[in-house]
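S.K.:
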Amino acid sequence: MPRRPTILLRELIQTSADFEAAFGEALSVNATDLDAMEHLLQEGPLGPSELARRLGITTAAMTTAVDRLVDLGHVTREPHPSDRRAVRVVPTDSSRAKAMSILMPMVRGLDAELDHFDEDEQRIITEYLERILTAYRAHTPEPSRARRVR
1 MPRRPTILLR
11 ELIQTSADFE
21 AAFGEALSVN
31 ATDLDAMEHL
41 LQEGPLGPSE
51 LARRLGITTA
61 AMTTAVDRLV
71 DLGHVTREPH
81 PSDRRAVRVV
91 PTDSSRAKAM
101 SILMPMVRGL
111 DAELDHFDED
121 EQRIITEYLE
131 RILTAYRAHT
141 PEPSRARRVR
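Mapping of the sequence shown onto full-length UniProt numbering: position 53 corresponds to residue 53, and the numbering continues sequentially without gaps.
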């Protein structure tokens with residue numbers, strides 16, 4: 001039987017997946033589109049080919065996803081500043097604001113929980129989480145990991 005922290009970690013992973021699903025619903029996007037939006041919000045404008053590579057999907061599938069995101073008002077296609085043949089996918093200000101209004105309260109809440117622990121305890125928590133990530137990555141096949149490059 002797994003120990004209590006391992007059980008809680010599994011619950012955290014499931015709750016995180018539930019949050020992602022609710023986040024996608026709030027933005028009216030599917031999982032692929034949400035994944036693309038997360039990359040754009042974290043990294044800024046990206047080309048469709050780069051987005052496709054990061055998501056592990058074909059460029060044709062990425063074009064369809066970008067079309068959906070444009071239709072929903074989440075992104076625009078803009079000319080690349082240094083390559084006039086290329087375009088970049090850029091999140092709209094309104095979409096960024098809506099996403100941040102959902103994400104930031106959760107992120108601030110998670111971060112605030114660290115205030116309940118002293119520096120040594122925070123160091124131990126950080127080390128535990130780093131080790132958990134290493135263990136998960138060791139058991140995650142490469143193609144799945146490639147999808148989540150950040």
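C-beta atoms are modelled at their ideal positions from N, C-alpha and C, and glycine is treated no differently.
(1) Give the single residue among I125, G109, V87, R137 whose Cα lies nearest to the Cα of E50.
(2) Under 9 Å between the Cβ atoms of A36 and K98?
(3) With respect to the beta strand (DSSP E) encompassing R88, which residues constitute its N-terminal and C-terminal limits?
(4) Identify whether R77 lies in helix, strand or coil by the three-state DSSP scheme.
(5) Using the C-alpha atoms, what's the distance from I132 back to I13?
(6) Which residues in the same chain have their Cβ closer than 7 Å to the Cβ of V41, if we skip the five residues on either side of it in sequence?
M.R.: On the basis of the data shown:
(1) V87
(2) no
(3) 87-91
(4) strand
(5) 12 Å
(6) In the sequence under discussion, the amino acid at residue 41 is Leu, which differs from the Val named in the question. Same-chain partners within the cutoff: P91, R96, A99.
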